[in-house]
Every structure is written in C-alpha cells, then in structure tokens.
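To convert, note that position 199 of the sequence shown is 306 in our numbering; the numbers rise steadily by one, no gaps. Each residue gets a CB set at the ideal place from its N, CA and C atoms; glycine is no exception. Notes follow the structure.
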Amino acid sequence: RALVDSVLSFVSPDDPEVVRDRENLNHVRAARKTAAEDYFNRTAESWDDVRGHHYPADDVESALLKAAGQKSYNYMVDFGTGTGRMISLFKDRFERAEGIDLSHKMLTIARSNLQTDDVPGASVRFGDVIASPFDDGIADLVTIHQVLHYMDQPGRVVTEAARVLKPGGRLMIVDFAPHRNEFLRNEHEHRHLGFEARELENWLVASGLKPYQPITLESQHQSGLAVTIWTADKLPKIGENAA
C-alpha cells in the first residue's frame, strides 16, 4: 500500500487518462449495482434457500447466537437485512430492531416474515449500508450477515456500522473465509471471494472497534466454503464510559 500511495502521489488527478479511468470506473460500478439489484430481485423469494446452498444456515445461526452470548440489546440494526432473518433470529434479545436493504422485493418479503414470526418492535426500510439513514451512536447491536462480499468497498460498510453503534455497542459480521469459487462472481454477483481474518480486523480497528477472536466454521459442503463470524465492540471515547 505504501508503494502504491507513493506512485500515485506523482499522478495528476486531472491527467486525461486518469479522468477517463475514473469515468470508466463509475460506469463499471453503476453496471454492477444494476446487476446486483436484478439478482436480488430474482432470488428474493428463495433467498434463504440460496444462502443454505453455500453453507448450512442452521449451523451458522447457532454459532452466531452462541458468539453473541446472553446479552440483551435495546436497539438492533441489521445492515442488508434481506428477508429479515437476522432480526427474527435475535427477536428475544432486543427491545426494538430495524433492518435496511436496497431491494424493495427483499423488504416486502422481510415485512411478511417478521409478521409471520411475530417479531414485535421490528421494522425494515429502504437504505444503503454505506450511507445508512441512522443517526450516530444509536444502536446497541449491528449485524452484517453475508453482505460484505457483495460490496465494492466492504471496509466502508464496517466504518458505517461503527458510526451507528453506541460506545460499548456490538458489531457482528458473518461472511466467507477466503475461497476460490470463481463462479460466484458471475452467477451470484459476489465482488469478493471471502475475506482474510487480518483484513477484517484491520477495518474493525481502524473504525474504533475492539475485535475478538473470530470463529471459523469449516466447510461441510461440496462448495468448500468456510464461514467466519467476527465480533467487535465499539470502544468508548477517552474519558467516557460505555453505557
């Protein structure tokens, strides 16, 4: 990174080639966003089954609840809520919960699921995980379940989650460990083939969070995918105690 930054310091941002590259990058990102929206709309009704194809959902959820411990939360926020499954999973642990997603079809299904699962105090709405509609420091718990590998800039999602958390609040991330299943890029719109533990931990620390030892669930599936659960707490500001 230091080498790249040094080289870039000699490149003028107004150089015609750089300007063209930046414009092309914006076009690529727009095309990726459209493709992702189409994918999520197509798979919304079977989304929970799609997740289960990659790794047994029951195993992940059991490990996630275990990692969360017995702590209760006043306000939970679920980034990229999809069908609302994380909110239903934690329904006995919070007073109020809200999920955001960019897929209107996913949100429709989530509302139906939360009603069927009888989850009081829960709602979902349209929102972007890199520019969420929440105030600073309002959430006791933020969950990001199988979202980061779809993002062009996953580190920004971690930073945004940290912004939303109260001092002492908890962030829980579930995503794939590094793998080589290239078909997931084209067939399932994945942007990243998993994440190294060090990479995630660097984002967490840079965002003012204290990470704990990640939990890796080794592959039990023909795809060879392993799942990692990261847990981190937001550090209080100097001279300030966590609530």
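Buried/exposed call for Leu324, threshold 16 Cβ in 10 Å:
Leu324 comes out buried.
Three CB pairs or more closer than 8 Å across the segment 200 to 220 and the segment 272 to 287
No: the two stretches stay apart, fewer than three of their Cβ pairs being nearer than 8 Å.
Would you kindly report the start and end of the unbroken alpha helix (DSSP H) that includes Asn288?
Following the DSSP letters along the chain, one finds Asn288 in no alpha helix (DSSP H), marked with neither H nor E.
Since Val167 is in the alpha helix (DSSP H), which residue starts that stretch and which ends it?
Per DSSP, Val167 is one residue of the alpha helix (DSSP H) stretching across Ala164 to Ala175.
Just the C-alpha distance for His286 and Phe186, rounded to the nearest angstrom, thanks.
Rounded to the nearest angstrom, the two C-alpha atoms are 23 Å apart.
State the Cα-Cα distance for the pair Ala349 and Glu294, rounded to the nearest angstrom.
Residue placement at Ala349 is poorly supported in this model, since its pLDDT is 48, which falls under 50; the coordinates still yield a value, given next. Those two C-alpha atoms are separated by around 44 Å.
By a C-beta neighbour count over all protein chains shown, 10 Å radius and 16 as the cutoff for buried, is Ala313 buried or exposed?
Exposed, because fewer than 16 other Cβ atoms sit within 10 Å of the Cβ of Ala313.
Would you call the CB atoms of Val281 and Val167 closer than 8 Å?
Taking a C-beta distance under 8 Å as the contact criterion, Val281 and Val167 qualify as a contact pair.
Put Lys317 into one of helix, strand or coil per three-state DSSP.
Strand at Lys317.
Alpha-carbon spacing of Phe117 relative to Arg192, whole angstroms:
Distance between the alpha carbons of Phe117 and Arg192 is about 48 Å.
Give the DSSP-derived three-state secondary structure of Leu332 in the structure shown.
In this structure, Leu332 counts as coil in the three-state DSSP scheme.
I'd like the span of the alpha helix (DSSP H) that includes Leu214, first residue to last.
Secondary structure note for Leu214: its alpha helix (DSSP H) is the uninterrupted segment His211 to Thr223.
Where Ala269 falls: helix, strand or coil (DSSP):
In this structure, Ala269 counts as helix in the three-state DSSP scheme.
From Ala217 to Arg232, what does the alpha carbon distance come to, in whole angstroms?
Straight-line measurement puts the Cα of Arg232 at about 10 Å from the Cα of Ala217.
Quick check on this structure: which residue in Gln177, Leu196, Ile322 and Gly262 has the alpha carbon closest to the alpha carbon of Asp165?
Nearest C-alpha to Asp165: Leu196.
Val125 by DSSP, collapsed to three states: which one?
Here Val125 sits in helix by DSSP.
Please check the pair Ala246 and Tyr182, which I expect to be a contact at CB under 8 Å, by giving their CB distance rounded to whole angstroms.
So it is a contact: roughly 5 Å between Cβ atoms.
Give the secondary structure of Ser230 by DSSP, where H, G and I count as helix, E and B as strand, and everything else as coil.
When secondary structure is reduced to three states using DSSP, Ser230 falls in the strand class.
My output table needs one value for Thr112: the three-state DSSP class, helix, strand or coil.
Note on identity: in this sequence residue 112 is Asp, with Thr being the wrong assignment. Helix, per DSSP.
Paired residues, beta bridge with Arg203 - DSSP
Per DSSP, Tyr182.
Look up Gly276 in the DSSP assignment and say whether it is helix, strand or coil.
Looking at Gly276 - three-state DSSP - the assignment turns out to be strand.
Measuring straight from C-alpha to C-alpha, what distance separates Pro343 and Pro123?
The C-alpha of Pro123 is placed about 45 Å away from the C-alpha of Pro343.
Quick one: is Gln222 buried, meaning 16 or more other Cβ sit within 10 Å of its Cβ, or exposed?
Counting other Cβ atoms within 10 Å of its Cβ, Gln222 stays below 16 and is therefore classed as exposed.
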